[in-house]
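**Student:** Input: one structure, supplied below.
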Amino acid sequence: MAWNQGDDIYGYENNRFLAGAEYVAKSNLLEGTGAFYTVPFFTNVNKQGTQSVLSTAGQGHRRPIWESVYNHYANRLGVATPYTALQAIQMRPEGDAGNGDQLGFGTLTFTRDPLATPLRPSGLTARVRGPEVVLSWWGCPDALSYSVQRAQSAGGPYTQIASGITDTLTFTDTSVGTAGAYYYVVVAVSASGESAPSNEEKAAITPELLLQWKSDGSANTRASLATGVAKNVADFTVAARVFLDSAATWSRVFDFGSGERRYMMLTPRSNAGTVRYAISTVHGYNEQTIDGNAALPTGRWVHVAVTLSGTVGTLYVDGVVAGTNALMTLAPFDLGETTQDWLGRSQFANDPDLPGRVDDFRLYSGALGAADIAALSQAGS
1 MAWNQGDDIY
11 GYENNRFLAG
21 AEYVAKSNLL
31 EGTGAFYTVP
41 FFTNVNKQGT
51 QSVLSTAGQG
61 HRRPIWESVY
71 NHYANRLGVA
81 TPYTALQAIQ
91 MRPEGDAGNG
101 DQLGFGTLTF
111 TRDPLATPLR
121 PSGLTARVRG
131 PEVVLSWWGC
141 PDALSYSVQR
151 AQSAGGPYTQ
161 IASGITDTLT
171 FTDTSVGTAG
181 AYYYVVVAVS
191 ASGESAPSNE
201 EKAAITPELL
211 LQWKSDGSAN
221 TRASLATGVA
231 KNVADFTVAA
241 RVFLDSAATW
251 SRVFDFGSGE
261 RRYMMLTPRS
271 NAGTVRYAIS
281 TVHGYNEQTI
291 DGNAALPTGR
301 WVHVAVTLSG
311 TVGTLYVDGV
321 VAGTNALMTL
331 APFDLGETTQ
341 DWLGRSQFAN
351 DPDLPGRVDD
361 FRLYSGALGA
371 ADIAALSQAG
381 S
């Protein structure tokens with residue numbers, strides 16, 4: 001319905017719906033041994049508690065929902081849907097659901113002819129995580145395997161660094177250096193040969209400044225930044241200068257997110273009485289934090305910074321490490337297209353505004369090192 005009205009929910013956040021559909025499809029299919037396919041599982045925490053393994057309670061249950069997913073992606077857009085396709089095949093022809101949840105009759109109402117023109121892989125992402133670059137992409141329906149190519153300049157020339165990739169379309173490049181940038185494309189290999197390359201993606205090994213915001217001198221800072229400012233960022237650095245008139249509990253230096261459900265924020269003073277960085281994608285239930293050893297000082301300019309390298313998060317105050325957490329699995333890109341990216345203001349209505357000022361707010365892709373943070377804290381102090 002949304003597609004026919006001009007709203008592409010199918011494509012939202014790089015086909016996020018298809019990612020979920022493929023996961024559900026695969027985990028409910030039997031492989032050649034007669035056992036269910038195994039799927040990766042990330043320990044999940046929500047209102048119901050902690051789930052550390054995939055639930056098998058309803059595994060294998062069939063629902064007549066797959067034809068609409070398969071035909072849209074594979075036969076309208078040319079995006080591979082291997083496990084969704086298997087689900088559709090075993091249900092054909094889709095009949096009446098009979099359970100009130102799905103209408104059914106998808107084979108009749110959604111079937112489309114396959115695309116005649118060969119396509120290329122799409123939706124490639126390349127994210128720096130510590131000393132590695134993690135790639136992910138969408139494949140083509142007729143592909144047998146995929147190859148990854150890398151260059152040190154935009155547009156090539158490219159060198160093939162991996163081939164024969166099938167099934168889960170990801171690749172981790174562990175052979176990157178410690179500086180510079182790399183450019184990646186993916187090529188599909190089918191019975192008729194190689195496809196055209198995918199979109200090119202850059203991975204900056206040396207941190208790059210994405211955003212710098214400076215105050216206009218207002219007595220109290222409240223600012224709204226562009227939507228989705230950190231949506232493609234994995235390893236990162238956030239840095240700012242803060243002048244607090246008082247350290248109001250749960251006020252914000254910054255708060256990026258989409259309401260109380262998804263956020264990454266820095267507060268000068270948490271309920272524990274210390275400066276805290278926090279990120280969550282499930283209304284705080286899976287919140288990951290870095291706590292300092294005291295609240296941010298008041299009555300003077302203070303430099304504060306947060307970095308993430310791989311799973312190691314570090315909080316700095318005036319260029320000195322104030323707290324660390326080596327188990328930070330959430331990164332800014334996990335928040336998706338954030339719609340509320342604020343300085344000096346919280347997404348929680350009951351939290352106070354920042355009683356003070358923010359200046360020289362910076363966002364980098366990549367984690368600055370301790371020496372760089374120390375130098376940044378001294379510059380313009």
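Here my numbering is used: the sequence shown runs in plain steps of one and ends on residue 381. Virtual Cβ for every residue (Gly too), placed ideally from N, Cα, C.
(1) List the whole-angstrom C-beta distance separating Val-229 from Asp-96, where the pair is believed to meet the contact cut-off of C-beta under 8 Å.
(2) Below 7 Å between beta carbons: does that hold for Leu-383 and Leu-296?
(3) Look up His-72 in the DSSP assignment and say whether it is helix, strand or coil.
(4) For the region 39 to 119, list the alpha helix (DSSP H) runs that are entirely contained and at least 4 residues long, ordered along the chain.
(5) Rank Ala-2, Ile-373, Arg-357 by C-alpha distance to the C-alpha of Val-321 and give the top, closest one.
(6) Could you tell me which of Arg-357, Leu-354, Val-133, Val-317 sits nearest to Gly-180, measuring between CA atoms?
(7) Please give the ranges of any beta strand (DSSP E) in the region 168 to 244, keeping only runs that are unbroken, at least 3 residues long and fully inside the region.
(8) What three-state label does DSSP hand Arg-150 in the structure shown?
(9) So if DSSP puts His-283 in a beta bridge, which residue, or which two residues, is it bridged to?
(10) Terminal residues of the continuous alpha helix (DSSP H) containing Ala-16?
(11) Please list, in chain order, all residues of the same chain as Gly-20 whose beta carbon is under 8 Å from its beta carbon, the five residues on each side excluded.
(12) Counting along the chain, where does the alpha helix (DSSP H) carrying Ala-367 start and finish?
(13) Is the region 349 to 356 touching the region 324 to 339 in the sense that three or more CB pairs, one from each, lie closer than 8 Å?
(14) Thr-170: which of Gly-177, Leu-135, Gly-164, Glu-194 sits nearest, CA to CA?
(15) Can you tell me the Cα-Cα spacing of Tyr-364 and Leu-266, whole angstroms?
(16) Would you please state the rounded distance, in angstroms, between the beta carbons of Ser-306 and Tyr-263? I believe it to be under 8 Å.
(17) Smallest Cα separation from Ala-234: which of Leu-119, Ala-25, Gly-130?
(18) State the CB to CB distance for the pair Val-187 and Gln-149, rounded to an integer number of angstroms; the pair is presumed to be in contact (CB under 8 Å).
(19) Under the criterion of a Cβ to heavy atom distance below 6 Å, does Val-242 qualify as lining the ligand NAD?
(20) When we look at the beta-carbon of Gly-164 and count the other beta-carbons within 10 Å, is it buried (16 or more) or exposed?
(21) Whole angstroms is fine: what's the gap from Thr-111's alpha carbon to Met-1's?
(22) Would DSSP call Gln-160 helix, strand or coil?
(23) In or out: Gly-139 buried (at least 16 other Cβ within 10 Å) or exposed?
(24) Any Cβ of chain D within less than 7 Å of the Cβ of Ala-143?
(25) With a threshold of 8 Å on Cβ separation, who are the neighbours of Thr-329 within its own chain once the five nearest residues in sequence on each side are excluded?
(26) State the start and end residues of the unbroken beta strand (DSSP E) segment that holds Gln-340.
(27) Nearest by alpha-carbon distance to Leu-29: which of Leu-77, Pro-82, Asn-75 is it?
(28) Below 8 Å on the Cβ atoms is my contact criterion, and I expect Pro-64 with Glu-94 to pass it. Report the Cβ-Cβ distance as a whole number of Å.
(29) Roughly how many angstroms lie between the CA atoms of Ala-370 and Thr-227, to the nearest whole one?
(30) Within the same chain, show all residues whose beta-carbon is closer than 6 Å to that of Ala-85, passing over the 5 residues directly before and after it, in chain order.
(31) Is the beta carbon of Arg-127 sitting closer than 7 Å to the one on Ala-196?
(32) Starting from Asp-255, follow the beta strand (DSSP E) in both directions and report where the run begins and ends.
(33) Does the beta-carbon distance from Asn-291 to Thr-274 come in below 7 Å?
(34) So what does Val-134 bridge to, in DSSP terms?
(35) Alpha carbon to alpha carbon, how far is Tyr-316 from Gly-323? Give it in angstroms, no decimals.
(36) Measuring alpha carbon to alpha carbon, tell me which of Gly-123, Ala-57, Ala-367, Trp-66 ends up nearest Gly-78.
**Tutor:** The short version:
(1) Incorrect: roughly 47 Å between the Cβ atoms, too far for contact.
(2) Nothing in the structure corresponds to residue 383, since the chain is present only between 1 and 381.
(3) helix
(4) 66 to 70, 82 to 91, 106 to 110
(5) Ile-373
(6) Val-133
(7) 170 to 173, 181 to 190, 201 to 204, 208 to 213, 236 to 244
(8) Correct three-state label for Arg-150: strand.
(9) Note: His-283 sits in no beta bridge, so no partner.
(10) Looking at the sequence provided, one finds Arg at residue 16 rather than Ala. Here the alpha helix (DSSP H) through Arg-16 covers 12 to 27.
(11) So the list is empty, once near-sequence residues are dropped.
(12) Counting along the chain, Ala-367 falls outside any alpha helix (DSSP H), and DSSP gives it neither H nor E.
(13) Touching, no, given that fewer than three Cβ pairs across the two stretches are closer than 8 Å.
(14) Leu-135
(15) 16 Å
(16) According to the sequence as given, residue 306 is Val; it is not Ser. 14 Å between Cβ atoms; not a contact.
(17) Gly-130
(18) 7 Å
(19) Looking at this structure, you won't find the ligand NAD or any other ligand, since it has none at all.
(20) exposed
(21) 16 Å
(22) Residue state, collapsed to three classes: strand.
(23) Counting Cβ neighbours within 10 Å, Gly-139 comes out buried, since at least 16 surround it.
(24) You won't find chain D in this structure, because it holds only one protein chain.
(25) Phe-42, Gln-288, Thr-311
(26) It spans 340 to 343 - the beta strand (DSSP E) in which Gln-340 sits, taken as one unbroken run.
(27) Pro-82
(28) Correct: roughly 4 Å between the Cβ atoms.
(29) When rounded, the separation of the alpha-carbon atoms in Ala-370 and Thr-227 is 29 Å.
(30) Tyr-70
(31) no
(32) 254 to 257
(33) Just to set this straight, residue 291 is Asp in the shown sequence, not Asn. Contact: yes.
(34) Arg-127, Thr-172
(35) 7 Å
(36) The option with the nearest alpha carbon to Gly-78 is Gly-123.
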